[in-house]
Amino acid sequence: MMEAKQCQGCQQMRDPRYEQLDELIKSYQDKKGALVPLLHEAQEIFGYLPEEVQRRVADGLGIPLSEVYGVATFYSLFSLKPRGKHKIGVCLGTACYVRGAGAILAELEKQLGIRVNDTTADGKFTLEITRCIGACGLSPVMTVDEDVFGRLTPEKIKEILARY
Amino acid sequence: MIKLTIDGVTVAVPEGTDVLAAAKAAGIRIPTLCYMEKYNEIGACRLCLVEVKGMRGLLAACTLQASDGMEVYTNTPAVREARRTNLELLLSDHPQDCLICVRNGQCELQSLAEEMGIRRQRFEGEKSAYPLDHSTLSIMRDPNKCVLCRRCVAVCKQVQGVGVLGAVERGFDTIVAPEGGCLLHDVACVLCGQCVMVCPTGALAEVDNTEEVFAALNDKSKHVIVQTAPAVRVAIGEEFGYPPGTIVTGKMVSALRRLGFQAVFDTDFAADLTIWEEANELLERLNNGGTLPMITSCSPGWIKFIEHYYPDLIEHLSTCKSPQQMLGALAKTYYAEKIGVSPEDIFLVSVMPCTAKKFERARPEMVGESGLPDVDIVLTTRELARMIKVAGIDLPQLPDSDFDSPLGLSTGAGVIFGATGGVMEAALRTAYEWVSGEALTNVELEAVRGLSGVKEAEVKLPGTDITLRVAVAHGLANARQLLDKIRTGKADYHFIEIMACPGGCISGGGQPRPADVNEFNALREQRIKGVYRADRDLPLRKSHENPAVKELYDTYLGEIGGERAHHLLHTNYTVRGKYLRTIRQH
Ligand code: SF4
Ligand code: SF4
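Just so you know, the protein sequences line up as chains Y and A, in that order.
When we follow the numbering used here, the leftmost residue of the first sequence carries the number 1, and every step to the right adds one.
When we follow the numbering used here, the leftmost residue of the second sequence carries the number 165, and every step to the right adds one.
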């Protein structure tokens, strides 16, 4: 156990992202209300909030891990799981829904081999559901990062994914 | 001072007082569920709603500052209706199994439902269904019974400086759980049970071992014996209607005999014995340049705390086992030989004010040479009270009786182990006389008594040039202050006493709960008074004058701190660290 832990430590020391995190934590140390913005910036560095990051934040701010974890699970903005390189959002708003968004989602799950809120094993895609994005005229729609795809049919999915 | 009226009663309070406290001062009761003065004033339960003239809507009295000329109403139809609705909503997501709940008859949710006259269930809501957490030997969690008051979170973090509990997720999915949504076993919880003491419902409780004890008592092949800790005798009476602090030692011993224990021993005897070993250890460290300050090791929650959070300071701990473990080690050697019973046939039950003792008992370090654990089962004071009731024994009607020998005789110094400062005082009564050779006339060391968080004293040992500097902390957040001082080299003490629970063992996590969490300190003080009264009532008040301990050394152990004593009465510790496992990933 101890050895395994130490090895993990060495790797983390070599990971420059942790140096960046430690700097970041330092800059927040004496500030009030630091936790949420700090976690936000930490998530920008790592893409999500791995446990080790939460621990360092807790130790750095001198607060219990339970508090960090509570905040990390309270706000949907934070993720405790690694996120893919590209974020796919399927709109399940009313307009999209009645025009077959369910079938689009099912096709995405099939093609990617994952369920909603998961990330593909190669770390490429994370699949999420979004609220109405205001593109009802194009429904059903999905987004990949900043790109919007409308008037979808299940047949178009494969080709869209291939672009990334 | 400002003046306001509450239900027409005028009351003057200092500026900054909240309406809840002002109402209390006016003799008006406002119901609360989450509120804990100073620690948890979060307005979460919405049961303390009041109406204020000129203000819109209903406001939570616990977070509302009283102001001059304010007119508050606590008993309008709107207030009553809103409070009831909020309580009914809580009940709609609460298992309705009150009759078979560990808190039946002692539950704050139950009494509030009665107080507000709830007689129907208007809301049939979705019910949460969480698995029970039986992962530790000490504390059981039933998240289904949690009303999200967050009192446990506040106590764990602010009073105990541990902070492993927190709210997780949000909305209907919110639960109060160990960090990362783990089981309690998987986080660095010290099992002190202070969270259990303040939980209003059956969401947190001691692990119940009463069935195992009843089974052992029924097993005729076993010699079943029991020991009771100092703090039990000043608190168990509360479960039978006595005022807090009443000393019911004699009746408790009789009740234990009625239950069928073949010998009833006193952990106070082992407390005296602890002083012989610990005072000796202190003097050795002073003379031979050992690690100082030395810190006491009687409180298993404290031990677990240092192992998790200050493992670098473990060398400061006295190597003495706690009194419960010392008595256990002797029961299965010295006593077994004396009565000619094989140690395997002895079953020793401890009655302790403490949930962490259940964990201590099972530590691998606490197994004797014969491969048997020193202690077989630990019951909390609450569990013993339940057993006495289940057995139909009417404790108040019992005559007094005495502990058995040879592990039953004790001095006043042994009794005061039950209160914060007691171990220190007992040790100093002995160290003083051993070193100086002079009789100590005033044995009462007021400076280390009472409820202030960190206490310090200096004791000059006559005939030497030593002035002992000592400190006492209770409640682990207070302990942190002293430990941080040691870490930074700023602690020039020789000897420190730390007890995990605020007030010491008298309000340990296994004791009868306070009827009102906001009057907990008053209860602590009454129990502490009981402890010092018991000390004064005893003919002997210094551990080194205990003739039964002297006989033990003369006939069995040999030298103080000698080889046999080391073998049976001392222990070592385990470095645990703060983070135990990977938290659950969502
Ligand atoms: S037992 Fe003590 S340390 Fe553990 S959760 Fe409860 S208060 Fe915190
Ligand atoms: S476990 Fe008990 S004390 Fe903790 S939040 Fe739930 S009801 Fe309150």
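Cβ atoms here follow ideal geometry from the backbone N, Cα and C, with glycine treated the same way.
Can you confirm whether F74/Y, when its beta carbon is compared against all beta carbons of chain A, has any partner nearer than 8 Å?
As a working note, residue 74/Y is residue 74 in the first sequence. It does; some Cβ of chain A falls within 8 Å.
With DSSP as the reference, label V554/A as helix, strand or coil.
As a first step, residue 554/A must be located in the second sequence, where it is residue number 390. Note: V554/A maps to helix in three-state DSSP.
Report yes if the CB atom of L609/A is closer than 8 Å to the CB atom of L592/A, and no otherwise.
In the second sequence, counting from the first residue as 1, residue 609/A sits at position 445. In the second sequence, counting from the first residue as 1, residue 592/A sits at position 428. Yes; because the gap between Cβ atoms is below 8 Å, this pair is in contact.
Relative to ligand 1, is the shortest distance from any of its heavy atoms to the C-beta of C346/A smaller than 7 Å?
In the second sequence, counting from the first residue as 1, residue 346/A sits at position 182. C346/A Cβ: outside cutoff for every heavy atom of ligand 1.
Regarding C320/A and ligand 1, is the C-beta to nearest heavy atom distance less than 7 Å?
Taking the first residue of the second sequence as position 1, residue 320/A is located at position 156. C320/A: yes, Cβ under 7 Å from ligand 1.
At the 8 Å Cβ level, is L381/A part of the contact set with chain Y, yes or no?
Translated into the one-based positions of the second sequence, residue 381/A becomes position 217. Output row for L381/A: interface = no.
Give the DSSP-derived three-state secondary structure of M1/Y in the structure shown.
By one-based count along the first sequence, residue 1/Y stands at place 1. Because the pLDDT of M1/Y is 32, which lies under 50, any placement of that residue in the model is unreliable, and the number read from its coordinates should be weighed accordingly. Three-state DSSP puts M1/Y in coil, outside helix and strand.
Give the range of the alpha helix (DSSP H) segment to which Y97/Y is assigned.
Position 97 of the first sequence holds residue 97/Y. Per DSSP, Y97/Y belongs to the alpha helix (DSSP H) from 94 to 98.
What residues of chain A sit near G84/Y, judged by a beta carbon separation below 7 Å?
By one-based count along the first sequence, residue 84/Y stands at place 84. Near G84/Y there are no residues of chain A at all, since even the closest Cβ is about 15 Å away, more than 7 Å.
Considering only heavy atoms of ligand 1, does any lie closer than 7 Å to the CB of G357/A?
On the second sequence, position 193 is the one that residue 357/A refers to. Flag set: Cβ of G357/A near ligand 1.
When DSSP labels each residue in this structure, what does G576/A get in the three-state scheme?
Translated into positions along the second sequence, residue 576/A becomes position 412. Three-state result, G576/A: helix.
Assuming A331/A and V340/A make a contact with CB atoms under 8 Å, what is their CB distance in whole Å?
Numbered from its first residue, the second sequence carries residue 331/A at position 167. Numbered from its first residue, the second sequence carries residue 340/A at position 176. Contact holds; Cβ gap of about 5 Å.
Mapping the DSSP letters down to three states, classify D540/A as helix, strand or coil.
In the second sequence, the residue the question calls residue 540/A occupies position 376. D540/A: coil per DSSP, three-state reduction.
Kindly say whether E205/A, judged by its beta-carbon, lies nearer than 8 Å to any beta-carbon of chain Y.
Taking the first residue of the second sequence as position 1, residue 205/A is located at position 41. For E205/A, the answer is no, since every Cβ of chain Y falls outside 8 Å of its Cβ.
Taking only the alpha-carbon atoms, compute the straight-line gap between R334/A and G572/A and give it to the nearest angstrom.
Taking the second sequence and counting its residues from 1, the one referred to as residue 334/A is at position 170. Taking the second sequence and counting its residues from 1, the one referred to as residue 572/A is at position 408. C-alpha separation (whole angstroms): 54 Å.
What do you get for R56/Y, buried or exposed, if any count of 16 or more other CB atoms within 10 angstroms of its CB means buried?
Counting from one through the first sequence, the residue named residue 56/Y turns up at place 56. Flag for R56/Y reads buried.
For E41/Y, which residues from the same chain have a beta carbon less than 7 Å from its beta carbon, with the 5 sequence-adjacent residues on both sides left out?
Counting from 1 along the first sequence, the entry for residue 41/Y is found at position 41. L24, listed in sequence order.
Which same chain residues, not among the five before or five after C353/A, have their C-beta less than 6 Å away from its C-beta?
In the second sequence, residue 353/A corresponds to position 189, counting from 1. Same-chain partners within the cutoff: V328.
With V377/A as the anchor, note down where its alpha helix (DSSP H) starts and where it stops.
Locating residue 377/A in the second sequence gives position 213, counting from the first residue. From DSSP, the alpha helix (DSSP H) with V377/A extends over 374 to 381.
Who pairs with K87/Y in a beta bridge, going by DSSP?
Walking along the first sequence from the start, residue 87/Y turns up at place 87. According to DSSP, K87/Y bridges with T126/Y.
Could you name the residues of chain Y that R705/A contacts, counting a contact when the two beta carbons are closer than 8 Å?
Taking the first residue of the second sequence as 1, we reach residue 705/A at position 541. Going along chain Y, no residue has its Cβ under 8 Å from R705/A, so there is no contact; the nearest lies around 42 Å.
Residues of chain A with CB closer than 8 Å to the CB of G89/Y, please, in chain order.
Residue 89/Y sits at position 89 when you count from the first residue of the first sequence. By Cβ distance, chain A contributes nothing, its closest Cβ being about 19 Å from G89/Y, past 8 Å.
Let's test the definition: count the other Cβ atoms within 10 Å of the Cβ of A504/A and tell me whether it reaches 16, buried, or not, exposed.
Sequence index remark: in the second sequence, residue 504/A carries index 340 (1-based). Inspection of the sequence shows that residue 504/A is occupied by Gly rather than by Ala. Result: exposed.
Among the residues of its own chain, which have a CB less than 8 Å from the CB of H242/Y, if the five just before and after it don't count?
An answer regarding residue 242/Y cannot be provided, because it is not within the stretch 1 to 164 covered by chain Y.
If you run the structure through DSSP and keep just helix, strand and coil, what is K26/Y?
In the first sequence, counting from the first residue as 1, residue 26/Y sits at position 26. Reduced to three states, the DSSP call for K26/Y is helix.
What first and last residue would you give for the alpha helix (DSSP H) that runs through R422/A?
Taking the first residue of the second sequence as 1, we reach residue 422/A at position 258. Unbroken alpha helix (DSSP H) run through R422/A: 413 to 423.
In three-state DSSP terms, what is P475/A?
Indexing the second sequence from 1 puts residue 475/A at position 311. In this structure, P475/A counts as helix in the three-state DSSP scheme.
Could you tell me whether the Cβ atoms of Q358/A and S514/A are closer together than 8 Å?
For the purposes of this step, residue 358/A is identified with residue 194 of the second sequence, where counting begins at 1. For the purposes of this step, residue 514/A is identified with residue 350 of the second sequence, where counting begins at 1. No, the pair does not count as a contact, with Cβ atoms beyond the cut-off.
Between the beta-carbon of I194/A and the beta-carbon of T238/A, is there less than 8 Å?
Locating residue 194/A in the second sequence gives position 30, where the first residue counts as 1. Locating residue 238/A in the second sequence gives position 74, where the first residue counts as 1. Yes, the pair counts as a contact, with Cβ atoms nearer than the cut-off.
Straight-line CA distance for A4/Y to L263/A?
Sequence index remark: in the first sequence, residue 4/Y carries index 4 (1-based). Sequence index remark: in the second sequence, residue 263/A carries index 99 (1-based). Low per-residue confidence applies at A4/Y: pLDDT is 37, beneath 50, and the placement is therefore not dependable, though the value from the model is reported in the following sentence. Those two C-alpha atoms are separated by around 49 Å.
Could you tell me the distance, in whole angstroms, from the CA atom of D699/A to the CA atom of G582/A?
Here residue 699/A is taken as the residue at index 535 of the second sequence, counted from 1. Here residue 582/A is taken as the residue at index 418 of the second sequence, counted from 1. Each residue's Cα considered, the two are about 11 Å apart.
Roughly how many angstroms lie between the CA atoms of R728/A and G722/A, to the nearest whole one?
Taking the second sequence and counting its residues from 1, the one referred to as residue 728/A is at position 564. Taking the second sequence and counting its residues from 1, the one referred to as residue 722/A is at position 558. Cα-Cα distance, rounded: 7 Å.
Ordered along the chain, which non-local residues of its own chain (more than five positions away) have a Cβ less than 6 Å from that of L704/A?
Numbered from its first residue, the second sequence carries residue 704/A at position 540. Answer for L704/A: T575, listed in chain order.
Roughly how many angstroms lie between the CA atoms of Q691/A and S486/A, to the nearest whole one?
The residue labelled residue 691/A in the question sits at position 527 within the second sequence. The residue labelled residue 486/A in the question sits at position 322 within the second sequence. Gln is not the amino acid found at residue 691/A; the sequence shown has Arg there. C-alpha separation (whole angstroms): 21 Å.
Is the beta carbon of R612/A sitting closer than 8 Å to the one on A621/A?
Translated into the one-based positions of the second sequence, residue 612/A becomes position 448. Translated into the one-based positions of the second sequence, residue 621/A becomes position 457. First, the residue type needs correcting, since residue 612/A is Val and not Arg in the sequence shown. For V612/A and A621/A, yes; Cβs fall inside 8 Å.
So what's S514/A in DSSP terms, helix, strand or just coil?
Here residue 514/A refers to the residue found at position 350 when the second sequence is read from its first residue. Note: S514/A maps to strand in three-state DSSP.
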